[in-house]
Amino acid sequence: MPTEILATPRAEQQISRLSRKQSKTFENFLNDLAAAGCRALAYRLSGQTTLDHLCVKHLSGPLRVVVAFETPQRAWVLLVGPHDDQDPVLNVYAELYRLLGIEPEPGTRRDKPPCCKEPGESPPILGQALAEILDRAARLRKTRRSR
Numbered sequence: 005m006p007t008e009i010l011a012t013p014r015a016e017q018q019i020s021r022l023s024r025k026q027s028k029t030f031e032n033f034l035n036d037l038a039a040a041g042c043r044a045l046a047y048r049l050s051g052q053t054t055l056d057h058l059c060v061k062h063l064s065g066p067l068r069v070v071v072a073f074e075t076p077q078r079a080w081v082l083l084v085g086p087h088d089d090q091d092p093v094l095n096v097y098a099e100l101y102r103l104l105g106i107e108p109e110p111g112t113r114r115d116k117p118p119c120c121k122e123p124g125e126s127p128p129i130l131g132q133a134l135a136e137i138l139d140r141a142a143r144l145r146k147t148r149r150s151r
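In the numbering used here, the protein residues as written are 5 to 151.
What follows is the structure in structure tokens.
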């Protein structure tokens with residue numbers, strides 16, 4: 005069964021600003037995600053609860069996509085953006101921390117376990133916790149409209 009893919013309003017805003025080449029790469033990723041589910045993602049983030057249920061894929065260069073699973077067959081694209089430690093406003097990971105309403109744990113070693121290991125293995129499911137993230141994502145988008 006293919007994975008249904010939805011995007012937060014903030015992710016849609018970010019996707020609309022991708023270059024033609026980045027858009028093509030992103031479209032290929034969406035096709036892979038629909039067909040392969042969590043196996044299309046490179047790794048799970050590590051850290052606090054909720055953060056450790058999110059998966060990431062490097063698309064091209066510094067471009068990353070952050071995905072959460074509501075159910076095994078429903079994925080939400082939360083954010084699409086560059087990993088750029090020099091720009092805390094646009095850095096996808098800094099924005100992710102703002103979205104989750106948490107601070108990075110200083111000095112914490114970051115592991116990158118697979119999002120899912122085996123075919124047929126369920127992705128990390130956020131379930132109801134995703135509703136709060138989606139509400140924050142809608143509010144975050146409103147603060148970014150003028151950029």
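Note that CB positions come from ideal geometry on N, CA and C, so glycine has one too.
Since we're looking at a predicted model, the values are computed, not measured.
In the DSSP assignment, Glu-31 falls outside any beta strand (DSSP E) and within the unbroken alpha helix (DSSP H) covering 24–40.
7 Å or more divides the Cβ of Pro-110 from the Cβ of Cys-120. Annotation: the continuous beta strand (DSSP E) that includes Ala-79 extends over 78–86. When the Cα atoms are used, Glu-136 and Ala-38 turn out to be separated by approximately 24 Å. A distance below 6 Å between beta-carbons, with the five flanking residues on each side excluded, links Leu-134 to the following residues of its chain, in chain order: Ala-72, Glu-74.
Around the Cβ of Gly-124, a 10 Å sphere holds fewer than 16 other Cβ atoms; the residue is exposed. By the criterion of a C-beta distance shorter than 7 Å, Thr-29 is surrounded in its chain by Leu-63, Ser-64, once the five residues flanking it on both sides are discounted. Taking a C-beta distance under 7 Å as the contact criterion, Val-81 and Ala-142 do not qualify as a contact pair. Our two residues, Ala-98 and Leu-104, have alpha carbons roughly 10 Å apart in a direct line.
If you look at Arg-102, you'll find it in the alpha helix (DSSP H) that goes 96–104.
Contact between Arg-48 and Leu-58 holds, since their C-beta atoms are separated by about 7 Å, short of 8 Å. In the structure shown, the three-state DSSP call for Ser-64 is strand.
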